[in-house]
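Using full-length UniProt numbering, the letters of the sequence shown correspond one by one to residues 1 to 249. Backbone N, C-alpha and C define an ideal beta-carbon position, used for all residues, glycine too. Here is the structure we will look at, set down as structure tokens.
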Amino acid sequence: MGTEGEKRKVELEGAVRPRRRWRRWILLAPALWVLFSICQVVVLRFIDPPFSSVMALRQLEAWGRGDWKFRLHHQWVDLDGMARSVPISLVAAEDQRFPEHNGFDLKAIEKARDHNAQGRRLRGASTISQQVAKNLFLWQGRSWLRKGLEAWYTVLIELFWPKQRILEMYANVAEFGDGIYGVQAASRQFWGKDAARLSAAESARLAAVLPSPRRYSATRPGPYVQRRAAWIQRQARQLGGAGYVEQID
């Protein structure tokens, strides 16, 4: 009896041990993911990524529907390799309080909420930092999970990156045309020249197609893009022009 009892005890302990191991890993997984995400952001402060998660998912999506000829267009360019009109146009178009907030523009969120509550066309309030978080690390779409991860990465980006790095990253991962990511690829595809040679009008038109680059065209601008590009140029001048971006820490 004693021997059988001991065997039974050993069997039970053997069955419990793997469960404890799995439980330990389940408890450790969130901490490991937090550490991994922090490492991602810290490394990308200094290293230019060859692509973003949104780019990779876009390529996989094309292959998934059998479009084997689809190719992404992307080429990295540093901030000082762009025309000075590019970054200020992006700030003027997308996030005029970019130098002031810590990743979340509470005033813009409140205005968007009031606007949407009146039944008007939906307006977003994402900052440039939030858009970098989404484009670089996550995926397109709407879900509470993605919004939560976006908020987490936004906090990390603002914590570890200077503002100019955030703006440089945004200019390189934003989509400006169907499968065309970053201002260098856009400039080469649309006008056959490097981003350093973009005019103020061309920079404004690139910013004007955001956030709907597959709906609007920077090279064949309709009335909406023309009006918005003109507004962006006015806003850029009022903000202080190219020198405004150079003063951002």
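### Task
Would you list, in sequence order, the uninterrupted beta strand (DSSP E) runs of no fewer than 3 residues that lie entirely inside the stretch 53-117?
none
### Message
Does residue 243 pass the burial test, meaning 16 or more other C-beta atoms within 10 Å, or should it be called exposed?
### Response
In the sequence shown, residue 243 corresponds to position 243, counting from 1. By the neighbour-count rule (16 or more Cβ atoms within 10 Å), residue 243 is not buried but exposed.
#### Entry: Local Cβ density within 10 Å of residue 131, reported as buried at 16 or more and exposed below that
Locating residue 131 in the sequence shown gives position 131, counting from the first residue. Answer is buried; the Cβ neighbour count reaches 16.
### Query
Is there a Cβ from chain C that is less than 8 Å from the Cβ of residue 128?
Of the protein chains in this structure there is only one, and it is not chain C.
### Task
Go ahead and label residue 174 buried or exposed: buried means 16 or more other beta carbons lie within 10 angstroms of its beta carbon, across all protein chains shown.
Translated into positions along the sequence shown, residue 174 becomes position 174. So residue 174 counts as buried.
### Message
Suppose the cutoff is 8 Å on Cβ atoms and the five residues either side in sequence are ignored; what does the same chain contact list for residue 222 look like?
### Response
As a first step, residue 222 is located in the sequence shown; it is residue number 222 there, counting from the start. For residue 222, where only same-chain residues beyond five positions count, the Cβ hits under 8 Å are 216.
### Message
Using CA atoms only, rank isn't needed, just tell me which of 169, 188, 240 is closest to residue 177.
### Response
One-based indexing of the sequence shown puts residue 177 at position 177. Nearest C-alpha to residue 177: 188.
### Query
CA-CA distance, residue 122 and residue 108?
Numbered from 1 along the sequence shown, position 122 holds the residue referred to as residue 122. Numbered from 1 along the sequence shown, position 108 holds the residue referred to as residue 108. In this prediction, residue 122 has a pLDDT of 48, which is less than 50 and means its spatial position is unreliable; what the coordinates show is noted afterwards. One C-alpha to the other measures close to 13 Å.
### Query
If we call anything under 8 Å between Cβ atoms a contact, is residue 79 one with residue 55?
If you number the sequence shown from 1, residue 79 lands on position 79. If you number the sequence shown from 1, residue 55 lands on position 55. Not closer than 8 Å, so no.
### Query
So, helix, strand or coil for residue 38, using DSSP?
The residue given as residue 38 occupies position 38 in the sequence shown. In the structure shown, residue 38 sits in a helix (DSSP, three-state: H, G or I).
#### Entry: Cβ pair residue 25, residue 184 closer than 8 Å
In the sequence shown, counting from the first residue as 1, residue 25 sits at position 25. In the sequence shown, counting from the first residue as 1, residue 184 sits at position 184. No.
### Message
To the nearest angstrom, how far is the alpha carbon of residue 202 from that of residue 238?
### Response
On the sequence shown, residue 202 is found 202 positions in, with the first residue counted as 1. On the sequence shown, residue 238 is found 238 positions in, with the first residue counted as 1. Residue 202 and residue 238: Cα-Cα distance of roughly 18 Å.
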